[in-house]
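In this note's numbering, the protein residues as written are 244 to 407. Right, one structure below, let's go through it.
Written as structure tokens, this is what we have:
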């Protein structure tokens with residue numbers, strides 16, 4: 244095991260919203276970077292090599308149902324045989340919770356493994372909550388065409404919102 248270096252810094256004035264002093268900022272550079280909060284927590288806050296944060300308990304994943312796969316696959320950073328999806332039912336959802344952290348997202352990355360165009364994600368919402376009960380829509384997609392081929396990853400910038 245060795246220490247990982249993260250692009251973590253104090254917030255700068257150019258951030259699109261005010262964040263509390265002392266808040267860590269994870270700067271997105273591309274879909275393959277390892278600068279995100281999920282990777283950081285899966286490296287025990289930057290002190291160890293990567294180990295799935297769901298398995299260690301630093302990240303919680305829940306879902307409405309499971310059609311295939313395991314919830315740990317939702318936060319895995321490798322992209323080979325992981326296939327997780329819920330049953331194809333209206334209102335299906337997947338939730339990632341960070342029990343000891345509050346996050347102000349500026350971007351999120353979403354990967355899909357579908358090989359058939361009919362199964363590409365087209366409609367979803369990205370929501371945030373401070374209590375796990377009341378959710379605020381941060382980003383909404385309806386008929387999104389970001390995914391055009393099998394096993395693709397896309398990044399979605401979001402308007403920075405501090406939830407209360």
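All C-beta atoms in this analysis are idealised placements derived from N, C-alpha and C, irrespective of residue type, glycine included.
So, helix, strand or coil for residue i, using DSSP?
i	result
residue 353	strand
residue 279	coil
residue 299	helix
residue 399	strand
residue 359	coil
residue 257	Here the model assigns residue 257 a pLDDT of 46, short of 50, so the residue's position is not dependable and the matter cannot be decided.
residue 311	strand
Beta-carbon within less than 7 angstroms of residue i's beta-carbon, same chain only, minus the 5 sequence neighbours each way: which residues are those?
i	result
residue 194	There is simply no residue 194 to check, as the chain begins at 244 and stops at 407 in what is shown.
residue 351	369, 399 and 401
Any C-beta of chain B sitting closer than 9 angstroms to the C-beta of residue i?
i	result
residue 384	Protein chains in the displayed structure number just one, and chain B is not present.
Nearest CA to the CA of residue i: which residue from the options?
i	options	result
residue 321	276, 367 and 388	276
residue 296	271, 323 and 339	339
residue 286	319, 306 and 325	319
residue 361	323, 387, 273 and 334	387
Can you tell me the Cα-Cα spacing of residue i and residue j, whole angstroms?
i	j	result
residue 359	residue 298	30 angstroms
residue 270	residue 281	13 angstroms
residue 328	residue 392	17 angstroms
Report, in whole angstroms, the separation of the C-beta atoms of residue i and residue j, which I expect to be a contact under 8 angstroms.
i	j	result
residue 342	residue 303	6 angstroms
residue 307	residue 336	5 angstroms
Got a sec? Which residues, its chain only, sit under 6 angstroms from residue i by beta carbon, not counting five neighbours each side?
i	result
residue 293	285 and 286
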